[in-house]
Amino acid sequence: MKVGLIGGGFKPFTSGHFTLLATAMANSDKVILYYGLAGRKKGSGYDYSREMSQDVFNIMKVAIERTYSGQVYVELGKPTPIVKIFQAINAVKDGEDPSSALSPAGINPTQVETISVFSGPEDLDKYTKYLGTEKEEQYFGDLNQVGRLNFVPVESADGEGDLSAILDIVRDSYPDLSDEEMTDRVKMRGSVFRSLIASRDGAKISQYLPPFLTDEEKAKIVEILFQGLTENVFRSYVQQILKSNR
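All residue numbers for the sequence shown refer to the numbering used here, where the first residue is 17 and numbers rise by one.
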């Protein structure tokens, strides 16, 4: 069995993040997505609270597991998504799963042929930093050396690199879009998406939510996202529009 792992905070899960999921599905028998619930503000003016994250997670989990039933499993990344990924790797390394990192997906660690972590290139060092060090055996055993552990950079996750392979992977999910329109979806970054929320243009925002959501689910998520708007972020958005029209 080939197992794919994805971890992230997803504030929220966008069409850009979907490329990670689509790539993992194309290369794995089963995929586990560890979803973090940390809030986000960081002085940006947009307050994505933990409560909002939980509400969006509830919708995303149902939609993903409904659409990709039997292949993709969504779990809360407690204590963090990164920790859960390391626990999953350790389960395969040791042949047992005391942290229940794999068992919710019905995966027996002794039956895993390969385990792969799919991530944007800029985040892979969170997982690979122990490779080639004295701690490699502690965290990974010989999984990497014998080719059973893979760390897969997904270039489109940060909007860079050749996207032709990614477009081929997501094409079935966007049957009515041109390559240019799919590229626009694939390149969506979280920071850009959060800025877009200030437009209050629900239809446009919905375009950059993942394609496995129904229109009703997208509308519910947009309504949740509007809760994080503040006067500062709206003012900033208006200023950007005014500058672009000069």
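Glycine included, every Cβ here is placed at the ideal spot set by N, Cα and C.
task: Determine the DSSP secondary structure at residue 171, reduced to helix, strand or coil.
output: Counting from one through the sequence shown, the residue named residue 171 turns up at place 155. Of the three classes helix, strand and coil, the one that applies to residue 171 here is helix, per DSSP.
- prompt: On the premise that residue 39 lies in contact with residue 182, defined as a C-beta separation below 8 Å, what is that separation, rounded to the nearest angstrom?
  reply: Here residue 182 is taken as the residue at index 166 of the sequence shown, counted from 1. Here residue 39 is taken as the residue at index 23 of the sequence shown, counted from 1. Confirmed, about 7 Å.
task: Quick one: measure Cβ to Cβ for residue 75 and residue 88, integer angstroms, because I've assumed they're closer than 8 Å.
output: For the purposes of this step, residue 75 is taken as the residue at position 59 of the sequence shown. For the purposes of this step, residue 88 is taken as the residue at position 72 of the sequence shown. Actually they do not touch by this definition, with Cβ atoms about 15 Å apart.
message: With H, G and I counted as helix, E and B as strand and the rest as coil, what does DSSP make of residue 224?
response: Here residue 224 refers to the residue found at position 208 of the sequence shown. Correct three-state label for residue 224: coil.
message: Going by beta-carbon coordinates alone, are residue 110 and residue 119 separated by less than 8 Å?
response: Within the sequence shown, residue 110 is the residue found at index 94, counting from 1. Within the sequence shown, residue 119 is the residue found at index 103, counting from 1. Not a contact, by the Cβ cut-off of 8 Å.
query: Skipping 5 residues on each side, what residues in its chain have a beta carbon closer than 8 Å to that of residue 169?
result: Taking the first residue of the sequence shown as position 1, residue 169 is located at position 153. 135, 136, 137, 140.
message: If the criterion is Cβ atoms closer than 8 Å, does the pair residue 241 and residue 214 meet it?
response: Within the sequence shown, the letter at position 225 stands for residue 241. Within the sequence shown, the letter at position 198 stands for residue 214. Cβ distance not < 8 Å, so residue 241 and residue 214 don't count as in contact.
- prompt: Does DSSP put residue 146 in a helix, in a strand, or in coil?
  reply: Within the sequence shown, numbered from 1, the residue matching residue 146 stands at position 130. Here residue 146 sits in coil by DSSP.
message: Counting C-beta neighbours from all protein chains within 10 Å, is the total for residue 257 16 or more, i.e. buried, or is it exposed?
response: The residue given as residue 257 occupies position 241 in the sequence shown. Any answer about residue 257 is weak, because its pLDDT of 48 lies below 50 and its placement is not dependable; what the coordinates show is given next. Answer is exposed; the Cβ neighbour count stays below 16.
task: Return helix, strand or coil for residue 236, following the three-state DSSP convention.
output: For the purposes of this step, residue 236 is taken as residue 220 along the sequence shown, with counting starting at 1. Correct three-state label for residue 236: helix.
query: Considering only the beta carbon of each residue, do residue 21 and residue 98 sit closer than 8 Å?
result: Stepping through the sequence shown from its first residue, residue 21 is reached at position 5. Stepping through the sequence shown from its first residue, residue 98 is reached at position 82. No.
Selected residue, minimal CA-CA separation from residue 44, among 164, 54, 219, 235: Locating residue 44 in the sequence shown gives position 28, counting from the first residue. Among 164, 54, 219, 235, the Cα nearest to that of residue 44 is on 164.
- request: Tell me, please, which residues DSSP counts as bridged to residue 166.
  value: On the sequence shown, position 150 is the one that residue 166 refers to. DSSP output for residue 166 lists 132 as bridge partner(s).
- request: Please name the residue, chosen from 188, 211, 235, that lies closest to residue 34 on a Cα-to-Cα basis.
  value: Reading the sequence shown from its first residue, position 18 is the one you call residue 34. Among 188, 211, 235, the Cα nearest to that of residue 34 belongs to 188.
query: Alpha carbon to alpha carbon, how far is residue 202 from residue 156?
result: As a working mapping, residue 202 is identified with position 186 in the sequence shown. As a working mapping, residue 156 is identified with position 140 in the sequence shown. So the alpha carbons of these two residues sit roughly 31 Å apart.
task: Determine the extent of the alpha helix (DSSP H) in which residue 185 is found, giving its start and end residues.
output: As a working note, residue 185 is residue 169 in the sequence shown. Run containing residue 185: 180-186, per the alpha helix (DSSP H) assignment.
message: Please tell me whether residue 70 and residue 49 are closer than 8 Å, where the distance is taken between their beta carbons.
response: Within the sequence shown, numbered from 1, the residue matching residue 70 stands at position 54. Within the sequence shown, numbered from 1, the residue matching residue 49 stands at position 33. In this structure, residue 49 does not lie closer than 8 Å to residue 70 by Cβ.
message: Spatial neighbours of residue 29 within its chain, please: C-beta separation below 7 Å, excluding the five flanking residues on both sides.
response: Here residue 29 corresponds to residue number 13 of the sequence shown, with the count starting at 1. Result list for residue 29: 76, 226, in chain order.
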